[in-house]
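There are 10 protein chains.
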Amino acid sequence: MTPVLPKSDAAALVVAARIRRGLTWAQLAEEIGAPVVWTTAALLGQHPMTPEQARCACLLLGLDESVEESLRLQPSRGADPATLTDPTVYRFHEALSVYGPALKELIHEEFGDGIMSAINFRVDIARRPDPDGDRVVVTFDGKFLDYRW
Amino acid sequence: MTPVLPKSDAAALVVAARIRRGLTWAQLAEEIGAPVVWTTAALLGQHPMTPEQARCACLLLGLDESVEESLRLQPSRGADPATLTDPTVYRFHEALSVYGPALKELIHEEFGDGIMSAINFRVDIARRPDPDGDRVVVTFDGKFLDYRW
Amino acid sequence: MTPVLPKSDAAALVVAARIRRGLTWAQLAEEIGAPVVWTTAALLGQHPMTPEQARCACLLLGLDESVEESLRLQPSRGADPATLTDPTVYRFHEALSVYGPALKELIHEEFGDGIMSAINFRVDIARRPDPDGDRVVVTFDGKFLDYRW
Amino acid sequence: MTPVLPKSDAAALVVAARIRRGLTWAQLAEEIGAPVVWTTAALLGQHPMTPEQARCACLLLGLDESVEESLRLQPSRGADPATLTDPTVYRFHEALSVYGPALKELIHEEFGDGIMSAINFRVDIARRPDPDGDRVVVTFDGKFLDYRW
Amino acid sequence: MTPVLPKSDAAALVVAARIRRGLTWAQLAEEIGAPVVWTTAALLGQHPMTPEQARCACLLLGLDESVEESLRLQPSRGADPATLTDPTVYRFHEALSVYGPALKELIHEEFGDGIMSAINFRVDIARRPDPDGDRVVVTFDGKFLDYRW
Amino acid sequence: MTPVLPKSDAAALVVAARIRRGLTWAQLAEEIGAPVVWTTAALLGQHPMTPEQARCACLLLGLDESVEESLRLQPSRGADPATLTDPTVYRFHEALSVYGPALKELIHEEFGDGIMSAINFRVDIARRPDPDGDRVVVTFDGKFLDYRW
Amino acid sequence: MTPVLPKSDAAALVVAARIRRGLTWAQLAEEIGAPVVWTTAALLGQHPMTPEQARCACLLLGLDESVEESLRLQPSRGADPATLTDPTVYRFHEALSVYGPALKELIHEEFGDGIMSAINFRVDIARRPDPDGDRVVVTFDGKFLDYRW
Amino acid sequence: MTPVLPKSDAAALVVAARIRRGLTWAQLAEEIGAPVVWTTAALLGQHPMTPEQARCACLLLGLDESVEESLRLQPSRGADPATLTDPTVYRFHEALSVYGPALKELIHEEFGDGIMSAINFRVDIARRPDPDGDRVVVTFDGKFLDYRW
Amino acid sequence: MTPVLPKSDAAALVVAARIRRGLTWAQLAEEIGAPVVWTTAALLGQHPMTPEQARCACLLLGLDESVEESLRLQPSRGADPATLTDPTVYRFHEALSVYGPALKELIHEEFGDGIMSAINFRVDIARRPDPDGDRVVVTFDGKFLDYRW
Amino acid sequence: MTPVLPKSDAAALVVAARIRRGLTWAQLAEEIGAPVVWTTAALLGQHPMTPEQARCACLLLGLDESVEESLRLQPSRGADPATLTDPTVYRFHEALSVYGPALKELIHEEFGDGIMSAINFRVDIARRPDPDGDRVVVTFDGKFLDYRW
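Chains as they are written, first to last, in full-length UniProt numbering: chain A, 1 to 149; chain B, 1 to 149; chain C, 1 to 149; chain D, 1 to 149; chain E, 1 to 149; chain F, 1 to 149; chain G, 1 to 149; chain H, 1 to 149; chain I, 1 to 149; chain J, 1 to 149.
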């Protein structure tokens, strides 16, 4: 009996295989039949995959059953704090640091006392052409949940 | 000579006056003529206002010149860490903790080595009706900046 | 114009008045017509009260309108970290430290991938007589939310 | 002479074997003859098992004597801080952050100066059907201990 | 209505009055009729006093009713982290850092799986004459509580 | 040339051998001819043993010369912070958090400005029968050291 | 006798007076006769000023003798950690996070084992026009100090 | 399938090979045809190299394809916090701690509300001969980015 | 009844009076008749003064009885963590960071298992002329204490 | 190609060899021809050795070329934070915590605005016989560096 391959190890193998086979995350998502941000997050270890999704991913990437088993596992979610210093990720945290209290005020003004769910939730990313330089557009879309006793 | 009213004190007075006068952030933004997330963030102390914007805001809110002067001040940005435990704000951090590494991968796949700017940047919030419960939709929209030596 | 009385100051006045008038939290909750844990949390600054609830509470406690206004305010939630060292509060954290991963496993086993909501949520506390010493029984009761894209 | 298998390693093997053999925590608890939360916590390394319980668990899971020895060991309790970022576990901490001070007030009101024991203590989890969505109900049940010199 | 005098403010007044009136903690404890460590801890804000104890203490120290009310209050326990750097307090933490794991092993060997209660607990301090220099002898005496489901 | 076996590895081997051979810490201490808390702490890596003590311990436990060498080594003292969350160890820290400032006051009252040494120091643990439940009695006994320039 | 005005309070008064009188840091530096980064740092509390410099600054800013005395004081240096979240300051820390190890390698390659002094040190800032957008150019210039026993 | 060699491992191999072959960072940069600070940072894992750059570096250093693949990888940027205690790196942090707020003031005075980019950015290091001891001169040169909604 | 003036407030008054009266720490020490490092530390709040020392200091500095009372008080020792970022203080910490483990080895080699006391301890500072630049010479001189059970 | 042996691994081998060969740090220093604190620090990884020093040390200790190469390497300085809890090292930190601000005052009084260099710096340790118990005498001796723009 061996432990299940940790999701971080599976993710490292996915990343290596994706690069060596010249596949994009978008191609993987399309083959797996799931949204691209969801698929990327799942392959990096943040969501459990169905057996079919895991099998399909491993087939495309040439990875064995130990990875497949790991991808199906229920994760303990939350990113590595080490990524916080990475500038690409940090800018999102900076935006929250500057705009978080304003978003809180506006959610309460529009919806009342409650939150945007991070569970019944999807996120998308797109490129918007712009003559002054193309833009990264990221959309957080979560169900409003009101405080209800 | 007295020090400039700190922005956190000015924000506390703005919040009190807004509630007592029955004004919404949206109304304040419309009168001031600026986007609503920007206006709310500025009134909470995260952006400097022009003299006209500050004067207009204080007129609407019945606040005196010390607040006006404070709102024009260049801020030291970044939210109070105390807000991190608030559930409405925390859900955004949780979403980044789960999806941050995936967004990094997809930005690099689509744009190459670089970041979404948090300076040449706007954020918007909207309510999307949904039969299963209305949704909070927050859009981060920043210029892509590539690593360039 | 003065800022709204901070909720922590309002809570300190509520605590003082409650003791001096010899009122229990249970009596306050009954008069206000709300569950006792909710009422106590709201008076300590963790929930906004309706104008009627705030007025009723201040009438019972002999507190003025500045407290009433503060109790109606939308809170920034989350307890003071200083309470963490208090033994009565610490035991709950210790229980989570020991049983948290087990609760996670059992929620996933019974419900699938998701969480117990802390927003659509109620908590109750009761005394259960026991010949070996009465027991504190605290019930957390939250809606299950499944990860749904 | 080799060191005893660390409880975290034993737990990883238990988790892998449980999934591969298609056993639920509830089935394991029933076979072992102990409450389900206790059993899950013990198999994850938070309680020592009796030799009979450890033998029974390893028989069901097809694990060898090194795991059995580890499960009998006196633990150093307390969950991995890494689980704190997991949303399923975090919601419990958030609930304590919001309601902890209220629970403290109500324990003192009802019982006097003291604590809910986390040692003479049991915790249970149940599913309560609800037309608005089934609910997770977690009960903390600990003996009251009064400060006694 | 004013808030109750915080226990830290009451403690500062107790300390000042004790020095100015030339009273020892031992004298205070004897007059109040309680053990000296308990009394000192209570006057420093770590235990609630009965109305009689609080009245007696304030009479001896020449302090007014606001201190008396504060001393009767249920405390939020736990020492100021600032005291951790004080050498007199630090040595106790150092002793725990060196001997804590050994004490854990020996409690389990002698009593089984459980803890020394810090609630049903008393602590005493004494001076033991010694030709090589007198010794500080501190005794922790707590009821053993076994893990009991 | 190989590095000396780290004391934490030696301690893990001691713990495993002690359990497998059915020896108590008290038996080990008696054979080694040293106080039981000292012996346990030394075998867990907090004190250097003499060559005779180390040889005797390894003989009793069936451990080889690499452990013997490690036990003789001068340690870098201080417990693993991971043990802080263990309830059996935590109760000692909680007692210090509540009573530390009182002990400081009473040491200064009785002895003047100085500390209880944690170097010229011994600690003992005993079981005291009590009809309400046996008690853990831990005695800290250190030489008083006055601040002396 | 009153304490010396803390340097942070003096800095707040300098900032307010500078804005209200419409003076730039560059003008202040020129009048005082010192480099602009040095002058700004000194007025913000990071360097002691000579009596002449302090008098000149307070004359220009219309500040009284208590500020003058504070500006002459020997500082306890180091920026407020709160500024770390400000994006304008954070970018410098990010640059060090990315390039710090490379700078260390290159200092050792060019100079040997040692450091760039931060005491025998000056820093300058300039604007460099650039068709793609003007650039901020900051120069750190410190004496090399070799490790010398 | 094996994971890509982590960039920290690749950097350790680069460092070893550079020393053993007697190559300077400056020579490596010249052969690779890129600025020396950029090249050093890239070889230490902070920038992705082009396939040509990576091949050239590995050829010069006698390293195999696994290093080459690693050097081409998109990094997660940010230095090891362990380097913070190194005196050569610490002096840069100290300079920012002392001069950071002054640089912020002067950037805003000269350019308005915005930042020096750390992405569209280059850094250079030079030795400046000086009779009092040669000097380390480090230049940060980044595009100004104004806050633009 | 008022609380005793906190030692940090007394220190701020001492610092202000010392500067305004043009007295050096050395002069104060000489008048008080105590070593200069001891005296400076005591006046900054790290040692209790005798009534005579406190009276003498306050006479010299023109400070009133509230300062005198504060200086006699038993302190809670340990420096403000804010001073850690000050370069003059930081260099001592850096030296310990680099040489601490070596000093530990050499104390054990010369004296055996034990420590240099920081209680039976004195520290001195001197200026040593040197043609290459005068030197700061700081001597720590503490009694060796061996681990003695 | 293999990475250079990390300095912490080389130090562990030095420590083991020193003990097994019965050599003192003083003997090693004498053979190597360098001061004893410097030599100990260098062998523990805090200073680079010359090729001759490294060769001599490895010859004496019977260590191979991989250790020799590691000892010559430029270090990333700074002690392991784990040593902070060790009482022998902690006492030095405690002394700085108590006397650091006084040393700062006295350096500024004697030398003006500046620091004691930790780079142009030596430290020595000696045993001073004393009838009340021998003393550890540690001397820090660094060049004064004045703030010079």
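C-beta: ideal position from N, C-alpha, C; glycine also.
Source: prediction; values computed, not measured.
Residue range of the alpha helix (DSSP H) that includes residue i
| i | result |
| --- | --- |
| G/D9 | K7 to R21 |
| F/Q27 | W25 to I32 |
| I/L59 | P51 to L61 |
| G/V67 | E65 to R72 |
| G/L43 | V36 to L43 |
Between the CA atoms of residue j and residue i - distance to the nearest angstrom
| i | j | result |
| --- | --- | --- |
| C/A82 | E/S70 | 18 Å |
| F/S97 | C/T85 | 8 Å |
| J/A10 | F/T2 | 10 Å |
| A/G33 | H/V4 | 27 Å |
| J/G78 | J/R18 | 22 Å |
| A/Q53 | A/K7 | 15 Å |
| C/F121 | D/A95 | 9 Å |
| D/I125 | C/W38 | 22 Å |
| C/R21 | E/S76 | 21 Å |
| I/E65 | I/P131 | 47 Å |
| C/D80 | B/D80 | 14 Å |
Spatial neighbours of residue i in its chain, beta-carbon cut-off 6 Å, leaving aside the 5 residues before and after
| i | result |
| --- | --- |
| F/C58 | V67 and E68 |
| J/P129 | none |
| D/H47 | A41 |
| I/F140 | V123 |
| C/M49 | A42, L71 and R72 |
Same chain, Cβ closer than 8 Å to residue i, neighbours up to 5 away in sequence not counted
| i | result |
| --- | --- |
| B/R127 | D134, R135, V136 and V137 |
| F/G112 | D146 |
| C/H93 | L84 |
| residue 155 of chain A | Because chain A in this structure spans residues 1 to 149, residue 155 of chain A falls outside the shown range and cannot be described. |
Cutoff 7 Å; reference residue i; Cβ partners in own chain excluding five residues on either side
| i | result |
| --- | --- |
| B/L60 | L23, L28 and E31 |
| residue 159 of chain E | Beyond the ends of chain E as shown, which are 1 and 149, falls residue 159 of chain E; an answer cannot be given. |
| E/C56 | E31 and I32 |
| B/P51 | R72 |
From the options, residue whose alpha carbon lies closest to that of residue i
| i | options | result |
| --- | --- | --- |
| D/G100 | C/F144, C/R91, C/Y99 and C/I119 | C/R91 |
| G/R72 | G/G78, G/L43 and G/P87 | G/L43 |
| D/V15 | D/G62, D/P51, D/H47 and D/K104 | D/G62 |
| A/T40 | B/P131, B/T40, B/F144 and B/L106 | B/L106 |
| H/E148 | H/G114, H/P129 and H/V123 | A small correction: the amino acid at residue 148 of chain H is Arg; Glu does not occupy that position in the sequence shown. Ranking the options by Cα distance to H/R148, first place goes to H/G114. |
| G/L103 | H/H108, H/T88, H/E109 and H/K104 | H/T88 |
| I/P35 | I/V123, I/Q46 and I/P75 | I/V123 |
| B/E109 | A/R20, A/W25 and A/S76 | A/W25 |
| C/Q74 | C/E65, C/P131, C/G45 and C/R55 | C/G45 |
beta-carbon residue i near the ligand ADP non-hydrogen atom, thresh 7 Å
| i | result |
| --- | --- |
| E/G114 | For the structure depicted, the ligand ADP is absent and the ligand set is empty, with no information on it obtainable. |
Which runs of the alpha helix (DSSP H) at least 4 residues long sit entirely within the UniProt domain "Cyanate lyase C-terminal" (78–149) of chain E? Give them in chain order.
87–111
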